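This note's numbering numbers the first residue of the sequence shown as 15 and each following residue consecutively.
Scroll down for the structure; my scribbles are underneath it.
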Amino acid sequence: MKKIAIIPARYASSRFPGKPLALLKDKPMVMWVYDAVKTSGLFDKVVVATDDERIVAAVVSLGGEAMMTSSLLSCGTKRCEAVLSALEARGERFDLVVNVQGDEPLVDASQLSSVISLFEDKDCQIGTLAKRITKLEELQNPNCVKVVWSQNRAIYFSRNIIPYQRGRSESEYLQYHIYYKHIGLYAYKSSVLHKIVALETSPLEKAESLEQLCWLENGYRIDVTETDFESIGVDTPEDLERVNEMLDKQ
15 MKKIAIIPAR YASSRFPGKP LALLKDKPMV MWVYDAVKTS GLFDKVVVAT
65 DDERIVAAVV SLGGEAMMTS SLLSCGTKRC EAVLSALEAR GERFDLVVNV
115 QGDEPLVDAS QLSSVISLFE DKDCQIGTLA KRITKLEELQ NPNCVKVVWS
165 QNRAIYFSRN IIPYQRGRSE SEYLQYHIYY KHIGLYAYKS SVLHKIVALE
215 TSPLEKAESL EQLCWLENGY RIDVTETDFE SIGVDTPEDL ERVNEMLDKQ
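And the structure:
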């Protein structure tokens, strides 16, 4: 099975413009992601997918591979599919595409290996990760997407707390039920990736602003496996400083 990892890296960001090129220690953040994925040894090819020549130049100057994609693409999934299509037009073929968030510089090889392992089941179409929630503030945070899953299959994703516990206050929820947050690392069969980017926005996707709900609504299977690794997304300059402090302690 030929595998490619694609790292979407958009220059524009309302909260943190130029985020992929922000320095962690002495290296652009996107290259921390690239190097972590590359050194995992799990992929036949690793590519940064971007909409800005400055990111291409930075990645290439540090020995990486990057490709330009349209600035009109609305999400990382579509950016991944654009790169896959461009490579296929050049005669390159891949069975599996792993979409690695460009703003998670501490992504771990164990996470990549776990999501790939889901495809040992030949019927798996899309794979992703979940991590147990241990803090009430995380459970109550709508930016922390919750996932309900059973037998390695996603049932639903929500920004709300799912499931609701009748007769209990939210402060008690974690005592009586195991909750999971969704970790936004995805893997797709190449054939499936081409199909899901063509789907119309679905009612549930629109309601929660979660693209994976569109896939579920259209009958696609999303397999889930648990990770214990706590990855940290960088959304603001303050997040970047926090990661820099963590790296200083290593």
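Even for Gly, the Cβ is constructed at its ideal location relative to N, Cα and C.
Computed from a predicted structure; not experimentally measured.
Since residue i sits in a beta bridge, which residues does DSSP pair it with?
{"i": "Leu37", "result": "Pro42"}
{"i": "Arg146", "result": "Tyr194"}
{"i": "Ala26", "result": "Paired residues: none, contrary to the question."}
{"i": "Ala80", "result": "Val62"}
{"i": "Val157", "result": "First, the residue type needs correcting, since residue 157 is Asn and not Val in the sequence shown. DSSP lists no partner for Asn157."}
{"i": "Cys32", "result": "Before going on, a small fix: residue 32 reads as Gly here, not Cys. DSSP, once it has assigned bridges, lists no residue as partnering Gly32."}
{"i": "Asn113", "result": "Ile20, Tyr200"}
{"i": "Ile140", "result": "Tyr202, Ile236"}
{"i": "Val162", "result": "Tyr170"}
Let me know the secondary structure DSSP gives residue i once reduced to three states.
{"i": "Ile175", "result": "coil"}
{"i": "Arg167", "result": "strand"}
{"i": "Val211", "result": "coil"}
{"i": "Glu259", "result": "helix"}
{"i": "Glu244", "result": "coil"}
{"i": "Asp237", "result": "strand"}
{"i": "Gly90", "result": "helix"}
{"i": "Lys52", "result": "helix"}
{"i": "Val97", "result": "helix"}
{"i": "Asp135", "result": "coil"}
{"i": "Asp253", "result": "helix"}
{"i": "Val121", "result": "coil"}
{"i": "Glu222", "result": "helix"}
{"i": "Glu106", "result": "coil"}
{"i": "Arg68", "result": "helix"}
{"i": "Ser85", "result": "coil"}
{"i": "Gln189", "result": "helix"}
{"i": "Ser75", "result": "helix"}
{"i": "Ser183", "result": "coil"}
Beta-carbon separation of residue i and residue j under 9 Å?
{"i": "Leu126", "j": "Leu37", "result": "no"}
{"i": "Met45", "j": "Phe133", "result": "no"}
{"i": "Lys59", "j": "Val211", "result": "no"}
{"i": "Ser245", "j": "Leu87", "result": "no"}
{"i": "Ile197", "j": "Leu143", "result": "yes"}
{"i": "Ser54", "j": "Ala123", "result": "yes"}
{"i": "Tyr25", "j": "Lys17", "result": "no"}
{"i": "Tyr170", "j": "Leu227", "result": "yes"}
{"i": "Glu184", "j": "Leu153", "result": "yes"}
{"i": "Val51", "j": "Val114", "result": "yes"}
{"i": "Ile147", "j": "Leu207", "result": "no"}
{"i": "Asp242", "j": "Lys145", "result": "yes"}
Please classify residue i as buried or exposed, where buried requires at least 16 neighbouring CB atoms within 10 angstroms.
{"i": "Met352", "result": "As shown, the chain starts at 15 and ends at 264. That puts residue 352 outside it, with no answer to give."}
{"i": "Tyr202", "result": "buried"}
{"i": "Gly90", "result": "buried"}
{"i": "Glu118", "result": "buried"}
{"i": "Tyr284", "result": "No information on residue 284 is available, as it lies outside the stretch 15 to 264 that the chain covers here."}
{"i": "Pro31", "result": "exposed"}
{"i": "Ile265", "result": "It is not possible to answer for residue 265, since the shown part of the chain is limited to 15 through 264."}
{"i": "Pro42", "result": "buried"}
{"i": "Lys149", "result": "exposed"}
{"i": "Glu255", "result": "exposed"}
{"i": "Ala103", "result": "exposed"}
(message) Measuring CB atoms only, is the stretch 86-102 touching the stretch 57-68, in the sense that at least three cross pairs come out at less than 8 Å?
(response) yes
(message) Counting beta carbon pairs with one atom in the stretch 109-116 and one in the stretch 217-235, are three or more of them shorter than 8 Å?
(response) no
(message) Tell me whether the stretch 67-86 and the stretch 149-166 touch, counting them as touching only if at least three CB pairs, one residue from each stretch, are closer than 8 Å.
(response) no
(request) Evaluate contact between the stretch 130-149 and the stretch 21-41, counting only Cβ atoms and requiring at least three cross-stretch pairs below 8 Å. (result) no
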